[in-house]
Structures are given as structure tokens and as C-alpha cells.
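First residue of the sequence shown? That's 6 in the numbering used here, and the numbers climb one at a time after it.
Cβ atoms here follow ideal geometry from the backbone N, Cα and C, with glycine treated the same way.
All values reported here derive from a predicted model rather than from experimental measurement.
Working notes, beginning with the structure itself.
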Amino acid sequence: MSETLLDKSISNYNVAVMIRNQMGSDEAYLNYIGYHLQQAVELNLKYQLEMSGIEYPKTHDIDQLLRIGKENGADLLVTEYIEDHSEMFSLWEARTRYVLNYHLEERKIDVALKGVKELLDKTSDL
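Put into C-alpha cells, the structure is as follows:
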């Protein structure tokens, strides 16, 4: 069986959880957790679009992926948290890797871990 974008989404979430569990609140690692959470959301949405037969551009913009789904009538399984924080997740993709002295807050990471888990639970049976 070949790997799907959903599998990659789940793997990114699991990496985020592993880093959180291993490194605790070490500020240096919070950005890595944020990046993997963003990837989990992005890949999950791309998987859902793919399964709905909808093409999407090469993008990391969560809000754009949600719009593409809506514009094409896809019934994307997303949570209110993901919709409300789509721009935040999009920013995490680049800022956590390229902006020097940019640090995510531990509180936001903990809330995001729960929010992404809800998304994955909602879509795990697709």
C-alpha cells in the first residue's frame, strides 16, 4: 500500500507530539513543533481536496486551500479551530524556519496540538 497525504499528515502530527514530549517547553524546539503542525494541517487539506477530485496549486496557504474547497463545492471535514486559525498556521510554515528570533508561544503550541488532533480524528476514516 502506498503512502498518502493523509499518512504524511498524521506522521507530521506525530513528530510534533514526539518533539513536545521529548523537549518539553524548550523554546528552541517550539518552532519545530509549529512547523510540523502546519504541515499536518496542509497535507490533510490537500488529501481531502485530492479525494474530492479537486486540483490545487503548490501552496502552503491553509486559507487558500480552504477557499479552493469551498469554491469547488467540496465538503471538507475541518474544525472551527482550524478555520479560525488558518492564517496563523500559514504563517507558521515560513516564519518558524526562516525568521531569526521568531519564537512560538508554548500556550499556542499546546492549543494547536489539540486542534490539529481534532482535525485528524475527524478525517482519519477517509
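Going by C-alpha positions, Gly-120 is about 15 Å away from Arg-25. For His-41, the closest alpha carbon among the candidates Ser-30, Arg-102, Asn-106 is that of Arg-102. Our two residues, Leu-81 and Ile-114, have alpha carbons roughly 24 Å apart in a direct line. Rounded to whole angstroms, the separation of the alpha carbons of Asp-89 and Asp-130 is 23 Å. Within the model, the alpha-carbon separation for Leu-11 versus Ser-57 is close to 13 Å. Here the region 36-54 makes contact with the region 92-111; the two share three or more CB pairs at distances below 8 Å. If the five residues before and after Val-20 are omitted, its C-beta is found closer than 8 Å to the C-beta atoms of His-41, all from its own chain and listed in chain order. The shortest C-alpha to C-alpha distance from Asn-36 to any of Val-116, Leu-54, Val-22, Tyr-107 is the one to Tyr-107. The region 27-57 is shown to contain whole alpha helix (DSSP H) runs of 4 or more residues at 32-56, in chain order. Taking C-alpha positions only, Met-93 is separated from Ser-7 by approximately 31 Å. Here Lys-63 carries a coil assignment [DSSP, helix/strand/coil]. In the same chain as Glu-32, and ignoring 5 residues on each side of it, the C-beta atoms closer than 6 Å to its own belong to His-108, in chain order.
Annotation for Leu-124: Val-46, Asn-49, Val-83, Thr-84, Ile-87 place their beta carbon closer than 7 Å to its own, counting only its chain and skipping 5 residues before and after.
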